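Trainee: Under my numbering, the first residue of the sequence shown carries the number 456, and numbering increases by one thereafter. Glycine included, each C-beta is placed from N, C-alpha and C at the ideal position. All of these numbers come straight from a predicted model, not from anything done at the bench.
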Amino acid sequence: RRLGHIGLYARRPVRCVPLTATHCRLRLAWSREHALSTPQQWSCVMFSDKSRFSLQSDSRRTFIWRAPGTRYHQENTIERHRYGGAGWLVWGGIILGSKTDLHVQSVTMIGHIYRDVILE
C-alpha cells in the first residue's frame, strides 16, 4: 500500500524480444531514409506481422512495481528469446487500402512457407 501512495503499482512486465545495438541502428537508419516518402510511395509497401500463440501454459506470475506510463521502459520488460512447445502461428499483412487474408499455421513458419504464403 505504501508503494501505491507514491504512484507505484504491481504489474506484469512486458515480454519482448531483445534488440541489439545493430537492430536499433538499422531501424533508425531505415526510418530516416523513409521519413519523407510520399503517400504514392507508401502505397507500394506491404507491412506484415506474425504472432505465435503457445499451447503450453505460462503462469506469468512475475510482478514488478512500476509507475503509470512506464510500461514499455526497458527496465520494466522481460526478454523473450523463443517460444517453447507446440503452438499456432498467425500471419497477416496490410497495404494502403487493402489487407491480406489472415493465415493460421500449426507449425513454425520457416522461410519457404513464409515465402509461399506471401506469393499466394
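If you measure between the beta carbons of R507 and L544, is that distance less than 8 Å?
Mentor: Counting from 1 along the sequence shown, the entry for residue 507 is found at position 52. Counting from 1 along the sequence shown, the entry for residue 544 is found at position 89. Yes.
Trainee: In the DSSP assignment, what are the bridge partners of S509?
Mentor: What you label residue 509 is simply residue 54 of the sequence shown in a count that begins at 1. Per DSSP, G542.
Trainee: With a threshold of 16 other CB atoms inside 10 Å of the CB of W485, please say whether the residue is buried or exposed.
Mentor: To locate residue 485, count along the sequence shown from 1; it is residue 30. Counting Cβ neighbours within 10 Å, W485 comes out exposed, since fewer than 16 surround it.
Trainee: Nearest to L474 by CA position, among L483, V500, H460, is which residue?
Mentor: Within the sequence shown, numbered from 1, the residue matching residue 474 stands at position 19. Among L483, V500, H460, the Cα nearest to that of L474 is on L483.
Trainee: With a cut-off of 8 Å, do at least 3 Cβ pairs link the segment 492–508 to the segment 463–470?
Mentor: Touching, no.
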